[in-house]
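J.: Under the working numbering, think of the first position of the sequence shown as 159, with each following residue one higher.
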Amino acid sequence: MKILIVPDSFKGSLSSKQAADAIEKGINYPQFEIEKIPMADGGEGTIECLIVSLNGSILRDFVTDPIGRKVQAEFGILQDNKTAIIEMAAASGLLLIPKKRRNPLYTTTYGTGELIRKVIKRGYKKIILGLGGSATTDCGAGALQALGVKLLDRNGGNIKFGGLFLKDLHKIEISDQNKFSDIEVTFMCDVSNKLLGSKGSAELFAQQKGASIDDVQILEDNLAHFAQIVKKDTGNDIAESIGSGAAGGLAAGLSILFKSQFVSGSDFVIKATNLRTKIRNADIIITGEGELNSQTRFGKIPYKIATISKEYNKPVMGVFGKVTNAAKIEYKREFKHISALCDNGISQEEAMQNAYSLLTSKVKEIFENSRFNEYMERK
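Shown next as C-alpha cells:
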C-alpha cells in the first residue's frame, strides 16, 4: 500500500513540510510505503518545493519585513544561472509579524522589492515570484519604491508605506525603465481575482491580514485611486488584469516595470514535481490546507490534487484546519473523506496554536476508523 502525502501549508500555523510530517506521524502502519511531497501554490514553501524539483540552491539575505524590521529572507537560484525564485511571503508575509501588529493599512512590500533588486544585481534575468501568504494590500507600492520608482504626493515627497497612504499618490516617476527591459517575471498566483470589487484584493482578502470592516473600504478606495494614477502616468490598466488582486495587488504594481505573465501557482508546482505520475502510482492520497471553502476550487492545491486523483480513480483524504458547512457538500465528490481540526468544540485559535498535534491526531483517527479499515481490506 503506497500513500502519497501532498499538503499545502496551513496558513498561519504550519508550513507544508510541517503538515506533511504531522500527517505521516498519524499513520501507524509501518508496512505502508509513504511518500511526502510538501506542496505550494506561490505562498510559503514555494522555494523549498521548486528547488528540490528543479535542482537549485537556496540563498539568504537581509531585507525589510512588512512592518519595517530587518529580517533574513530566503530566495532560490537555479543551475541555469538565469532564473531566481522568490516568495513574496519570505519578505512581506503574514507569518513574519505578530498577530496584534497585522494591519494592511500599514504593512509594506518594500522587502519584496529589495529581494527582486538583489537577484537582478546578481545577474538573474528570469524571476519566478510566488504571490501567496501576503501581509500587505499596498498594490506593490513598497516594492516599486525599493526598485527606484518614485511615488510622489502633491508636495513632491515620497508617499509613506502601507495601503492607507496610497490615497496620497499624485504622480509616478520611473527614471530608467530601460534597466528592467530584459527582466522577465513569472507571477505564481493561486487566485485569478482582479484588483477591485467584491472579489478583489481588499474585499476578499484584507480581513485575513488584520483589516477591520471599515479598513476594507478604505483599502478598496485607495487601491482604486492608485490604479487610476498608474493608468494616467504609465498607460497601464492594472485594475483589469486577471490575477491583479493577488497578494494585495503586488503583481499589478510590478507589471508596470517588467515583462510579466501570470501562471497558476498550483499548476506550475504540480508540473515541476511530476505529481501526476506520483498520483497514478499511489493507492491513497492525503492532502489539506488551512481551510476548505468556496474559493478552494479556484486554483488551490487540494482541489487540483483531488481533480487529478479522480482521473486515475484514486481516493483522496482531505484534512483541513477549517471546513465550512457548504464546503462539506460542495466537495463531497472530490474527496472520499473530509476532516477539520476545528471540530468537537475546538476553536480556530486553538486549532492554529496546536495544529501539528491536532493534525496528527486527526489522521490517526481516520486510519483507525472502521469504515476506512473496511476499505483497506477491499484494496
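Note that beta-carbon positions come from the ideal geometry of N, C-alpha and C, so glycine has one too.
Whose CA, out of L252, A430 and L450, lies closest to the CA of T270?
T.: Nearest option by C-alpha distance: L252.
J.: Grab the span of the beta strand (DSSP E) containing E245 for me, first residue to last.
T.: Start and end: T241 to E245.
J.: Look up R438 in the DSSP assignment and say whether it is helix, strand or coil.
T.: R438: helix per DSSP, three-state reduction.
J.: How many angstroms separate the CA atom of G476 from the CA atom of I209?
T.: Distance between the alpha carbons of G476 and I209 is about 26 Å.
J.: In whole angstroms, give me the CA-to-CA distance for P262 and F345.
T.: Rounded to whole angstroms, P262 to F345 spans 21 Å at the Cα level.
J.: By the three-class DSSP mapping on this structure, what secondary structure does A369 have?
T.: Of the three classes helix, strand and coil, the one that applies to A369 here is coil, per DSSP.
J.: Take every Cβ of the segment 405–412, pair it with every Cβ of the segment 188–197, and state whether three or more of those distances are shorter than 8 Å.
T.: Too few Cβ pairs lie closer than 8 Å, so no.
J.: What residue ranges within the segment 292–325 form continuous alpha helix (DSSP H) runs of no fewer than 4 residues, ordered along the chain?
T.: 299–304, all fully within the segment 292–325.
J.: Among N186, R455, D166 and K429, whose alpha-carbon lies nearest the alpha-carbon of I524?
T.: Checked all of N186, R455, D166 and K429; the closest Cα to I524 is N186.
J.: Count the C-beta pairs between the segment 216–235 and the segment 265–280 that are closer than 8 Å, then say yes if the count reaches three, no if not.
T.: At 8 Å Cβ cutoff, the stretches touch.
J.: For A304, which residues from the same chain have a beta carbon less than 7 Å from its beta carbon, with the 5 sequence-adjacent residues on both sides left out?
T.: Contacts found: Y268, G271, E272 and R275.
J.: Residues in the same chain with beta-carbon distance under 7 Å from V135, minus the five sequence neighbours each way, listed in chain order, please.
T.: No answer is possible for residue 135: the residues shown for the chain start at 159 and end at 537.
J.: Given 8 Å as the limit, is there contact between the segment 245–260 and the segment 308–325, that is, 3 or more CB pairs closer than that?
T.: They do not touch, by the three-pair rule.
J.: Decide yes or no for the touch test of the segment 378–385 against the segment 354–370: beta carbon pairs closer than 8 Å, at least 3 of them.
T.: Segments in contact, yes.
J.: Using CA coordinates, which residue listed in G355, T392 and K390 is at the minimum distance from I376?
T.: Closest by alpha carbon: G355.
J.: Can you find at least 3 beta carbon pairs, one from the segment 200–220 and one from the segment 489–500, that sit closer than 8 Å?
T.: No, they do not touch.
J.: Could you check what DSSP says for E206 in three-state terms: helix, strand or coil?
T.: The answer is helix: DSSP assigns E206 an H, G or I state.
J.: Relative to the C-alpha of E182, which candidate in D334, G446 and A364 has its C-alpha closest?
T.: If we check each option's Cα against that of E182, G446 comes out closest.
J.: How big is the Cα-Cα spacing for D326 and S215?
T.: Roughly 41 Å between the two C-alpha positions.
J.: If you follow the alpha helix (DSSP H) that K468 is in, where does it begin and where does it stop?
T.: Looking at the DSSP string, the run of the alpha helix (DSSP H) that includes K468 is I459 to E469.
J.: Sorted by chain position, which residues of the same chain lie with C-beta nearer than 8 Å to M159's C-beta, five sequence neighbours on each side aside?
T.: Cβ within range, chain order: Y187, Q189, F190, E191, D441, I442, M534 and K537.
J.: Locate the beta strand (DSSP E) running through R218, then write down its first and last residues.
T.: Its beta strand (DSSP E) spans residues G214 to T222.
J.: Whose C-alpha, out of K283, I332 and M246, is nearest the C-alpha of D296?
T.: Of the listed residues, the one whose Cα sits closest to D296 is M246.
J.: Can you give the Cα-Cα distance for M510 and T392, rounded to whole angstroms?
T.: Rounded to the nearest angstrom, the two C-alpha atoms are 43 Å apart.
J.: Since G423 contacts G288 with CB under 8 Å, what's their CB separation in whole angstroms?
T.: Going by Cβ atoms, the distance from G423 to G288 rounds to 6 Å, so yes, they are a contact pair.
J.: Among L236, N512 and Y264, which residue has its Cα nearest to the Cα of D223?
T.: Of the candidates L236, N512 and Y264, the one whose C-alpha sits nearest the C-alpha of D223 is Y264.
J.: Between the Cα of T241 and the Cα atoms of D219, S350, R218 and I278, which residue gives the shortest distance?
T.: Residue I278 is the option with its Cα nearest to T241.
J.: If you run the structure through DSSP and keep just helix, strand and coil, what is L273?
T.: It is helical.
J.: What do you reckon, are the CB atoms on A485 and N451 nearer than 8 Å?
T.: Against a cut-off of 8 Å, the Cβ pair of N451 and A485 comes out as a contact.
J.: If G291 sits next to G201, beta carbons under 8 Å apart, how far is it from one beta carbon to the other, in whole angstroms?
T.: Yes, they are in contact, since the Cβ atoms of G291 and G201 sit about 4 Å apart, within 8 Å.
J.: Return the chain-ordered ranges of every beta strand (DSSP E) run that is complete within the segment 163–198 and spans a minimum of 3 residues.
T.: You should have 191–194.
J.: Report all residues from its chain with a CB closer than 6 Å to the CB of F426; omit the five preceding and five following residues, and keep chain order.
T.: Closer than 6 Å at Cβ, skipping near neighbours: M346.
J.: Using the Cα positions of Q365 and D373, report the straight-line distance between them to the nearest angstrom.
T.: About 8 Å.
J.: To the nearest angstrom, report how far apart S402 and D199 are at their CA atoms.
T.: Cα to Cα, the separation comes out at about 16 Å.
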